[in-house]
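The structure appears below as structure tokens.
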Amino acid sequence: MSRPSDAQNSFSDDKASEEAGVVNPRLGPLEWVRWGWRTLTSMRTALLLLLALAVAAVPGSLIPQNSSDPNGVIQYQQANPGLSKVVDALQGFDVYTSLWFSAIYLLLFISLIGCVVPRLRHHWKAMRKAPPRTPSRFTQLPSSSSVRLRGVAVEEALAAGERVLKSARYRTARYGTSVSAERGYLRETGNLLFHSALVGVLVTVFVGGGFTYTGQRVLVTGDTFVNAQTSYDSLTPGRFFNDGSLQGYSLKLDRLDVAYEQQNLAAFGEAIDYTAHVTTRLPGQQPKSAVIKVNSPLEIAGTSVYLLGNGYAAHVTVTNPDGSVAFSQSVPFRPQNTQMTSLGVVKVPDTTNQKKQIGLVGFLYPTAAEQTDGSFTSIFPAAGKQSLVSFLVYEGNVGLDAGTPRNVYELDTSHMKEVAGTKDPVQLKIGQARTLPDGLGTVKLDGITRYAAFDIHHDPSQQWVALFVALAVLGLITSLLVPRRRMWIKVREEGDEVLVEYAGLARGDDPNLARAVADLEKRHRAALPEAAREKASV
Amino acid sequence: MVNPLDQISELLLISAIAVYLIAFIAFALDLARRSAESQANVDLVRQVADVESSAGGTAVLIAAPPAPPEAPARGRRAAARSGIALMLVGAALHLTAAVLRGIAAGRVPWANMYEFAMTGTLIMVVVFLVALTRVDLKFLGAPISGFVVILLGIATVSYHVAVSPLPPALQSYWLVLHVLVAMLGTGFFTLAAALSAAQLLQVLRRKRAESGRPERLRLLATVPEADRLENLAYRISVVGFILWTFTLIAGAIWADHAWGRYWGWDTKEVWTFIIWVVYAGYLHARATLGWRGTGSAWLNLIGYACILFNFGVVNVFFHGLHSYAGLPTSPS
Ligand code: HEM
């Protein structure tokens, strides 16, 4: 038997839909529904839906997606304004949540359920039925052999056959002077387990997804985060999120250590390790120190805290001309390249002259080196005495009063006047102070520290997803690797000899069938009394 | 700074390519001899048929492709045997190259395109050699060794990079496992794809013979029948499929550790998924009326095309987290 007939036998729906495909002139509404259901749950539809799913997944890899690459989407829209309208109308920037993609996999899973349920019922019955009757002629079976023996009774040979087959974990039944045996129900069990577990994965991902939340927070060294909605820079809650979902705890960033490659010139300056040292505190407990690394998140109070980004924060103090402090804070700078040249913005609304609010746009060079044209660049990503921050200075309205949230990394200079430009920027090393132009006061660079960008996730469905994935794998392996076989032993008296015939039939693909039949013969003869082990002369 | 171990590794790899190339020639010689041999067979059959038809019999025999001869001719056996021996030598050089590269880098040698190609082709060769001990697949020696030579050629010319440390996002056991299992799966899928291709050729040949057209590709007469090729392809892709399922899962676990989500439809995730689904389709096709046989063989080849695309095109040209595979430095 060369191809799996398994599905065909145990799965009559396939044939039924095959027939239903033949034109049938008068179908009542009920018949139509039945026809539709049979078609949907047929093997061919399952196959076509699988292929459709594969094809439908392709565009999402060619077009940037909102979910995984929002910046890419913006760039794409700017580069192809006309085309992106069409793409957007077709939900091309959200392929994996689009109507058409969802329709395909939902149909696939309906088909899957419609196909698994009857098979479960069928399999349940089959498991409790006796093995099938012995075929009358063995020579038509794919693998058979026979041997004539002397000195053994028919009953004795049959009993020995039954014993041998049972010990090889076959289920057996007697039909006249033959033994019929079957094994490998586990194959179908595995197949059903696999397909059911896939449904489990889908359901847990969907239902569980509602209970998740994901938030981001940038923490400058020394700062503390508390797990409350206001403490997040951004928070994406699932459908079933409420205020009670956040379990209280605090997390302080003590230090972020970054190691850079210094030996290997091919990779000189590349980051090779990030380690965040933090102190956590659960309500009513002592503080604890912990370490978060890139591939090892911290598990705390039902959340996982991931280290996903890092950069430098400059502590800047701006003093008004009258000596009062207008601004004194750590400002995170956004890295622009692997040498950590970083860009940051200082917005100073609390100046004595409100007409002259101060905006600073700063370039931070961790290891500054002057280029021939007088501009600076960073030649190594580590910061220290060699670092330099170069500010462009603007005066006017920094735009913080309107109450609308503003990007902390950008300064809207449309209502501002440049008072120090690229030709005469205000340049500071750590500890230095400079007078700002136009009588704006002074600015001081107090220090440079690191910040870490953390992602905080809560996903209670993960264990369930993992469980169903594990079940699916288990099912898959048994369904693909356990052979399903039927074996028969037939014994007949011929004069003073007995003729013993062996035959095997595989359900599904079975490379070892012939070997199994030969093995059966050998083990059966070994189980017979000594006298019968000799072959009778033919 | 050039790492001396890496240099030796590269030299060994180039020698391995050269040896594989000679193995390819030996296997090709084997195929050519098969062709000649089955030509002789056809002539023999014709003579028999002529005799029969002159004696009033039919000439049906001409149409039927000749059956494989009992034992291959001696010259052919020598060619195939030296092909295998050369492939073993090539694999030994190849293995040493990969090990040295790993020592030079201080980690497993599968962390960038060059290393994937190097270790991945090594696994292809090993899978093929191991399969040879169980089934007679010598007729695939030429396509497999030729394919490996091409891949390694591209890898050394276009993808060679000096050893460099792993960026933090890639420092994970799950990555080691994920990529290793993916390469193993690819090794099995490669063999399965070659078998499916042979199966399709075999079907084509039978069709030609049935419609009475002259035979082309006579060497196929010495290759197993389409049914047997299909079964072999299936058995091997089943192993590949299980391994690919693990690839998908290990990748998801790694993504969860590194990026904080186990599935995000990143470009590489999408393609790993597409490949998995296409191969699931292939397994289904084998149990679907109207798709088994030729249809399923095509699906197997499409699945393999997706693997090659994923490796050769997605890795290089597509944008995604995997493509720079480092820590995203912006806190946005
Ligand atoms: C979610 C999508 C699906 C996936 C990923 C999937 C995957 C698989 C895999 C990997 C196998 C191979 C296991 C084996 O051969 O024993 C398989 C077999 C099978 N599947 Fe599915 N399947 C899906 C949906 C369906 C649907 C909708 C049906 C019903 C119409 C179905 C019916 C079957 C049957 C009958 C077999 C056994 C085929 C055989 O004996 O070779 N599957 N499936």
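For the record, the sequence lines run as chains A and B.
Numbering of the first sequence is given in numbering that gives the first Met the number 0, commencing with residue 0 and proceeding in unit increments.
Numbering of the second sequence is given in numbering that gives the first Met the number 0, commencing with residue 0 and proceeding in unit increments.
Don't be surprised by glycine CBs; every beta carbon is placed ideally from N, CA and C.
Computed from a predicted model, the values in this text were never measured in an experiment.
Runs of the alpha helix (DSSP H) lying entirely within the segment 98 to 160 of chain B, each at least 4 residues long, are 112 to 131 and 140 to 153 in chain order. Under DSSP, A:Lys-355 forms no beta bridge with any residue.
With a 10 Å radius around the Cβ and a threshold of 16 neighbouring Cβ atoms, A:Leu-46 comes out buried. Residue contact check for A:Ala-270 against chain B: a CB pair falls below 8 Å. Chain order gives the chain A residues near B:Gln-170 as Ile-271, Asp-272, Lys-292, Val-293 and Asn-294, where near means a beta carbon separation below 9 Å.
Residue-level contact by beta carbon fails for B:Ala-296 and chain A, as no gap is shorter than 8 Å. Between B:Lys-267 and A:Pro-134, the alpha-carbon positions lie close to 52 Å from each other. Rounded to whole angstroms, the gap between the alpha carbons of A:Pro-459 and A:Thr-211 is 7 Å.
Rounded to the nearest angstrom, the gap between the Cα atoms of B:Arg-100 and B:Leu-94 is 10 Å. The C-beta distance from A:Leu-185 to A:Thr-477 rounds to 5 Å, short enough to meet the 8 Å contact threshold. In the structure shown, A:Met-339 adopts coil according to DSSP, grouped into three states. Between A:Lys-346 and A:Leu-399 a beta carbon distance of about 6 Å is seen, short of the 8 Å cut, so the two are scored as contacting. Under the three-state reduction of DSSP, A:Gln-90 is assigned to coil, being neither helix nor strand.
Exposed is the label assigned to A:Ser-101, since fewer than 16 other Cβ atoms lie within 10 Å of its Cβ. If one requires a minimum length of 3 residues, the beta strand (DSSP E) runs lying completely within the segment 446 to 510 of chain A are 483 to 493 and 496 to 506, in chain order. The C-beta of A:Val-472 comes closer than 8 Å to at least one C-beta of chain B. Assignment of A:Thr-171 by DSSP, reduced to helix, strand and coil, places it in the strand class.
Contact annotation: in the segment 102 to 113 of chain A, no residue has its CB less than 8 Å from a CB in chain B.
Remark: C-beta atoms of A:His-457 and A:Thr-302 approach each other more closely than 8 Å. Taking a C-beta distance under 8 Å as the contact criterion, A:Val-153 and A:Thr-176 qualify as a contact pair. As the crow flies, the alpha-carbon of B:Cys-305 is around 8 Å from that of B:Ile-273. Between the segment 252 to 271 of chain B and the segment 280 to 292 of chain B there are fewer than three C-beta pairs closer than 8 Å, too few to call the two in contact. DSSP places A:Leu-306 within a strand segment (E or B) once states are collapsed to three.
Contact check for A:Val-516 and A:Ala-156: beta-carbon distance about 16 Å, past the 8 Å limit, so the pair fails to qualify. When the five nearest sequence neighbours on each side are left out, the beta carbons in the same chain lying within less than 7 Å of the beta carbon of B:His-256 are those of Ser-171 and Trp-173, in order along the chain.
For the segment 117 to 147 of chain B, no residue has a beta-carbon sitting nearer than 7 Å to a beta-carbon of chain A. In the three-state reduction of the DSSP assignment, A:Gln-215 falls in the strand class, which pools E and B. Only those residues of the segment 253 to 266 of chain B whose C-beta falls short of 9 Å from the nearest C-beta of chain A are listed: Trp-253, Asp-255, His-256, Ala-257, Trp-258, Gly-259, Arg-260, Tyr-261, Trp-262, Gly-263, Trp-264, Asp-265 and Thr-266. Residues of chain A whose Cβ lies closer than 8 Å to the Cβ of B:Trp-109 do not exist; the shortest such Cβ separation is about 17 Å.
Secondary structure of A:Asp-372 (DSSP, three-state): coil.
DSSP, reduced to helix, strand and coil, places A:Arg-162 within a helical segment of the structure shown. One finds nothing in chain A with a Cβ atom closer than 7 Å to the Cβ of B:Phe-187; even the nearest lies about 13 Å away. Remark: the C-beta of A:His-194 is in contact range of ligand 1, defined as less than 7 Å to any heavy atom.
Your pair B:Met-86 and B:Tyr-19 checks out as a contact, with CB atoms roughly 7 Å apart and the cut at 8 Å. The C-beta of B:Glu-36 has 16 or more other C-beta atoms within 10 Å across all chains shown, which makes the residue buried. Minimum Cα-Cα distance from A:Phe-467 among the listed residues A:Ser-97, A:Arg-280 and A:Ser-195 corresponds to A:Ser-195.
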